Each structure stands twice: as structure tokens, then as C-alpha cells.
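Worksheet: one structure, shown below.
There are 2 protein chains.
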Amino acid sequence: MSEHHRVAIVGATGAVGNTLMSILEERAFPFASLKLLASHRSAGEILTFKDQPIMVEELTHNSFDGVNLVFSSAGSSISKEFIPTAIGKGCLVIDNTSAFRMDADTPLVVPEVNMDAAIRHNGLIANPNCSTIQMVVALKPIYDRVGIKRIVVSTYQSVSGKSGSAVLELVDQTTAALEGRPIEPDKFPHQMAFNVAFDWPFTDGGDSEEEMKMVNETRKILEDDTIAVSATTVRVPVFFAHSESINVETEDKLSADDARQLLSESPGIVVMDDPASRKYPLAVDVAGRDEVFVGRIREDRSIENGLNLWVVADNLRKGAALNAIQIAEMLDGISV
Amino acid sequence: MSEHHRVAIVGATGAVGNTLMSILEERAFPFASLKLLASHRSAGEILTFKDQPIMVEELTHNSFDGVNLVFSSAGSSISKEFIPTAIGKGCLVIDNTSAFRMDADTPLVVPEVNMDAAIRHNGLIANPNCSTIQMVVALKPIYDRVGIKRIVVSTYQSVSGKSGSAVLELVDQTTAALEGRPIEPDKFPHQMAFNVAFDWPFTDGGDSEEEMKMVNETRKILEDDTIAVSATTVRVPVFFAHSESINVETEDKLSADDARQLLSESPGIVVMDDPASRKYPLAVDVAGRDEVFVGRIREDRSIENGLNLWVVADNLRKGAALNAIQIAEMLDGISV
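Chains as they are written, first to last, in the working numbering: chain A, 743 to 1078; chain B, 743 to 1078.
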């Protein structure tokens, strides 16, 4: 393993940054040094890693001196400004923002799905959108077995996908609602407590940017532009873990039983599917877990070759931080 | 109008019963007498109608003496036991349970969609499932204009569709979660606070009964067994109003603009669709409203003729009590 990693986390004080640190610690990710970077506003904060205090430093173009592995999750504009510098200084960057995901020469990687693409990197590997990651983990084995013509997905996304302060705002909004006080949305465009809502911004076609990410990233990761995807992405008042109702039309027939068997043997997936015994993945149970959970596997009799799946994963872990760390770990394994 | 109505409400103390009374009052529904019926347990409770106290009576087979119009919403087994008696005594029964919905000689009616079916009743008209009502109101104009091949729907259903006590339990569960106390589900099979979950029971095929209602009732109401429907019904921590993500494949092309125009001219529908100005229907805004709200109308480019719609309605009003009262009102109008 690579004790030679000199790691920097850009956006260390954010929700994904915090989760990155937790997972690096849990997995005993091997590294020689760890630098925590954030905006001027957060510089000077003290975070704890393995019981040791580490001071957060302000991100500048000099921050990458002495660093060779960067996890970036401070937003798209920060990635656009600083990642070229980090690459120029010889770092491998794993970027969790949307900045470079659709660039032709940037691999967009989910280790269970297309690790081969990661090997062809030029210093930068993009981590896909959280909603896309869990969907492609669940669909890749089906794609390989019987092909996929079309996906119709509706999401039930937790607020932690927005930010750590969105989690706190849901607490505040909920308390206000229960106490009959007025709700004043701040991080959300609308009331989020006891409501379901949409995220900004929208494209000219009426799709949200999040919806178009699911369409475009799925095709890029599966390396198949013929896959038709229709996505409706919805925010629900859940703190952690995204749930997805996925309807998939396959090229050839796959029974629900065969799909259950196939997925249970596939990497990174836990099948939890026995509705009669109340077994199906639920957000509150999946929060904090590493795998992608699949249940409610049903043949869709409305088309010749159709399946319905209910797919739940922790959006901060597999949907963001964990996926990024798995990429680094697997590249290590390959380069050894 | 029919001042001759002698009305009984079966299940008066439940969530739908309460809403029936509110709407009868709001709309100045004309009647000569009002009898409130419930189980032995609730008999003796005093409810208020137009500022007058009315005592709840115990439902027995003699309850329908002197009654000619019954709104029934006390559950399927109660309907099965008592509705034949009410019909035998010459009542017109509008039943909000699933007891007789799929019986061949019982009309299943949404006034905006198939009022013609109501006229052929034999003493009993069934009110469809809440999730089905709002979907068929939104889809009927599209069906008439361009035909419908297939519907893929995922729901975001409020807890009030379960019962009034489920609403209180969501308050209790949410308070417990915020205070860090353990959550003990009672009306729900799972934690409902800050979670999304499924309702019991399930069929052998893995679909929930609620999902099969959406499939079968949609076909019956639209009188077209060729319509393919795939439904995933999900409960969300919202108090009032159901939201639905509906993907529809039409026979012929209908642009999003034409769909918007068509639906805005259709009965019982409010189109609220300008995402760039943050205009789309949200559950908290639609709660307490009578119409079916449609937004996020998008051409689905994943198939030749496809549309995505976001459809929201108050499940206790249009999804239950209001629809039943509209049936009675329209039958009056027809018989005059």
C-alpha cells in the first residue's frame, strides 16, 4: 500500500469533507501527511483526525506544494480555479464537484462499474453525482447481463446532499413547524419541513441540473449513449441517504428472481428484498452504511422486459466521500 | 337542488369523515338531515356542524332508516358489512373504501373523468383510491387528445392518507427524533419521521396493494384495459397532500407547451409550471385546496412520445371527501 500519499482535502469543513475524514480514519487509509484546506472564512478552525488536532488552512494556489493526492469537494467554481494548479504540481485529484465530470478527457468513475476508465486519467478523476453513483452500481450488473434500453427514475433525496447547514436548517424548520412558528427558508428555495420540493437551478428544457446529471453521467459511466434516461429528482425531509424508485426496460428478459440473485452476487450491493417480512431498504437504516442497498425488485408487467427497483445509499458515503476514497484505494491496488 | 337529501356519514370521526363535514359546510351542500355514524367506541362523541353540536351514533343495520344518501369511509370491512343494508333501504351510497371498487357493476367515479359511469349506478358508487384520483384527473385530457400507452408513476404520499392518528404519530415521532428519544412506530410499520417508507400489505407479486390499486383503478376509470401502468407508492413525512412523479408514454405526440395549454383548460386542474420562477406545485401549498395541481411538465426525450408531470392534490379533499361530494352534487345536477 501507499504510505507515500501526501493528502489534501479541499473543502474539509463541509459535509463531504467531514465524511472524507471519518472514512479515511475508519479504513486506515495509508498516508504520510494530511492537509485540510478551506476558504478564508474557515481557515484556523481546528478539526480532529485520529484524536489529533489539525488546523484548517486557507486554500491558495500554493496549498498543493508537498501534496500528491487531493480530494476536492468545495464546489464547482473552486474546483475549476484550483484543480489545474494541483494537477500542474503533479497531484492526482479526485474531484467531487460537477466541474469536470463531462469533460471528454476526465474519467468519471464508480469503482464497481468502470474502474478501467480511472486508469486512463491525466491527473484528474471525477466522482459522479450522488444520485447517479447509487443508480449505476445497482444497474451495472443488469446492463452487463441483459442490456438496458431505458431508465425512468424518481428520487427521494436527503437534505445532507445539499450541505451540512441544510441538515441544521431542516432541524430548525421542523421545530418551527411543530411549534407553529413561521418558516423562513434559507438554504432551500422552499419550506423543506414536512414537504417535498425541487432543487435549483433548472435548464431551459425544464429539467433541473440534477436531473440532467443523472441522464448524462449514467451514459458516460456505462459508456453507452444509447441508454435513454428520464429523471425526476426530488428533495424529501430526510437527513441522510438517498432513495430512488427506478424503472428499467432491459433489452432481454431478466426475471425478478434472477435479478435478485444477480445483484446479491455483485460488488458493493446488498439485496434486502422480502416485503412480506418488512424487509426493504429504508433511508434511516442505510444512513452510515457503505453499500448500495436494493429492494422491491419486481417484474414490471407494463412492458415486455421491465424491472422496478428501490435503491438506497448513504449520499455522503457511497454517493460522495467513500466513492472518492475507493477510487484512490483501487488505483493503489492496481499500481502495486 | 336536492334539499331532500337525508345524509349519513359512516366513519364520521375519522380523517375523511371530518373532511366530509368541513366540505359539506363550505359548499352549503343542501340536505334535510345529517346523521353521524361511527363504531361503538366513538358513539356519544359530539361533533360540530355549522356551529351546531351533533352526537355521533353507533353504526348498526338500523342506522339507515330515514336516510337516503350515505358517505361511507370507515374501512373496507365495515363497507362490506353495512353497504348492502343501506342499499336495501333505498340509499345511494358513495363509498370511499376499496370494498367494491373493482366490482363490475359498481361505477368507480371521478367526476371530471367519467361522470357518465355514475349515472348507471345500482345504489352504490365507489370513490377511487386517493393516488388514483389525482392521477386520472391530470391524465384524462391527455388520454382524450393523444391516447396513452403506458404510465410509470412514483408517489410521495402524505401520512394523512393513512389516518388522523397517523398525523399525530408523525408529530410524536418527529419530536422524539429531534429530542434524541427512541422512536416506537405504531400506525406505521417503520419509522416515518425523517424517512421514506412503504405501506402494507403486499401482494404475492411483490407489489403493494396500493400499487395494484393505481394499476387496476386507472384502467377501470379510463375504461381502457390496454393502458400499461407501473406504480411505486411511497409514504413520505408530509402531513397533507400527495405528490406524484408521472411519466406517460402517449400514442401520438403532445408537446410540453400543448400539454400545458390543454391541462390549463381542463376541469379541476390548476397548471403551476414555471420552474425558473420557482413555480411548481408543492404539498404544503396544495394542502387545503380543491383542485389537482400540475407542474414540471416536460417532454421526455427518452422515448418518441413521452411527458413527465408532477401532480399534487390534497388527498383528504380531492383524493377522498371532495370527490365523493362532487359525485353527489353532479348526480343532483343531472337528475334536476
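Cβ atoms here follow ideal geometry from the backbone N, Cα and C, with glycine treated the same way. Quick caveat, the model's predicted, so the values are computed rather than measured.
- Residues of the stretch 905-932 of chain A with a Cβ closer than 7 Å to any Cβ of chain B, in chain order: V913, T916, T917, L920, P931, H932.
- Rounded to whole angstroms, G753 of chain A and E768 of chain A show a C-alpha spacing of 19 Å.
- By the CB criterion at 8 Å, P826 of chain A and V852 of chain A fall outside the cutoff.
- When the five nearest sequence neighbours on each side are left out, the beta carbons in the same chain lying within less than 7 Å of the beta carbon of R887 of chain A are those of L996, L1004, in order along the chain.
- Under the Cβ criterion of 8 Å, I1045 of chain B is counted among the residues facing chain A.
- Under the Cβ distance rule, A939 of chain A counts among the residues neighbouring chain B, one pair being separated by less than 8 Å.
- At a beta-carbon threshold of 7 Å, the residues of chain A lying near A1025 of chain B are N937, V938, ordered along the chain.
- For R892 of chain B, the C-beta contacts it makes with chain A under 8 Å involve S1044, I1045, in order along the chain.
- When secondary structure is reduced to three states using DSSP, T992 of chain A falls in the strand class.
- Closest in alpha carbon position to V1034 of chain A, among A:G922, A:D807, A:I1011, A:F771, is A:I1011.
- Under the DSSP assignment, I861 of chain A falls in the alpha helix (DSSP H) whose first and last residues are 853-861.
- By the Cβ rule, the stretch 1024-1041 of chain A counts as touching the stretch 974-983 of chain A, because three or more pairs are nearer than 8 Å.
- At least one C-beta of chain A is nearer than 8 Å to the C-beta of R1040 of chain B.
- Taking a cut-off of 8 Å for Cβ pairs, the stretch 806-815 of chain A and the stretch 824-844 of chain A touch, as three or more such pairs fall below it.
- Across the structure, S950 of chain A and P943 of chain A are spaced so that their CA atoms are roughly 6 Å apart.
- Taking one beta carbon from each stretch, the stretch 929-942 of chain A and the stretch 904-915 of chain A have 3 or more pairs nearer than 8 Å; the two touch.
- In the DSSP assignment, V957 of chain B falls outside any beta strand (DSSP E) and within the unbroken alpha helix (DSSP H) covering 951-964.
- The alpha-carbon separation between L778 of chain A and M763 of chain A amounts to approximately 10 Å.
- DSSP, reduced to helix, strand and coil, places A780 of chain A within a strand of the structure shown.
- Contact check for A816 of chain B against G756 of chain B passes: the beta carbons are separated by less than 8 Å.
- For the stretch 959-977 of chain B, the set of residues with a beta-carbon nearer than 8 Å to any beta-carbon of chain A comprises A970, V971, S972, T974, V976, in chain order.
- At a C-beta separation below 9 Å, R1020 of chain A has these neighbours in chain B: P931, H932, F940, W942.
- For chain A, the residues of the stretch 978-991 of chain B that bring a beta carbon within less than 7 Å of one of its beta carbons are V978, P979, V980, F981, S985, S987, N989, in chain order.
- Within 10 angstroms of the beta-carbon of E952 of chain A lie 16 or more other beta-carbons, which makes it buried.
- Taken in chain order, the complete alpha helix (DSSP H) segments of 4 residues or longer contained in the stretch 836-923 of chain A are 853-861, 872-888, 906-920.
- Residue range 1025-1028 is occupied by the alpha helix (DSSP H) that includes V1028 of chain B, with no beta strand (DSSP E) assigned at that position.
- Secondary structure at G1037 of chain B: strand, using DSSP grouped into helix, strand and coil.
- Listed in chain order, the positions of the stretch 990-1007 of chain A with a beta carbon within less than 7 Å of a beta carbon of chain B are A998.
- Per the DSSP secondary-structure output, E926 of chain B pairs with nothing in a beta bridge.
- In the pairwise beta carbon analysis, the stretch 951-970 of chain B is classified as touching the stretch 854-872 of chain B: at least three pairs are separated by under 8 Å.
- For Y898 of chain A, the residues of chain B that pass the 8 Å Cβ criterion are Y898, V938, V976, V978, in the order they occur in the chain.
- Interface criterion not met: the Cβ of D1056 of chain A is under 8 Å from no Cβ in chain B.
- Rounded to whole angstroms, the Cβ separation of D946 of chain A and R977 of chain A is 22 Å, and the two are not in contact under 8 Å.
- Within the model, the alpha-carbon separation for L1073 of chain A versus I861 of chain A is close to 7 Å.
- Minimum Cα-Cα distance from I963 of chain B among the listed residues B:R1040, B:T974, B:L912, B:K882 corresponds to B:K882.
- Of the other Cβ atoms in all chains shown, 16 or more fall within 10 Å of the Cβ of M934 of chain B; this residue is therefore buried.
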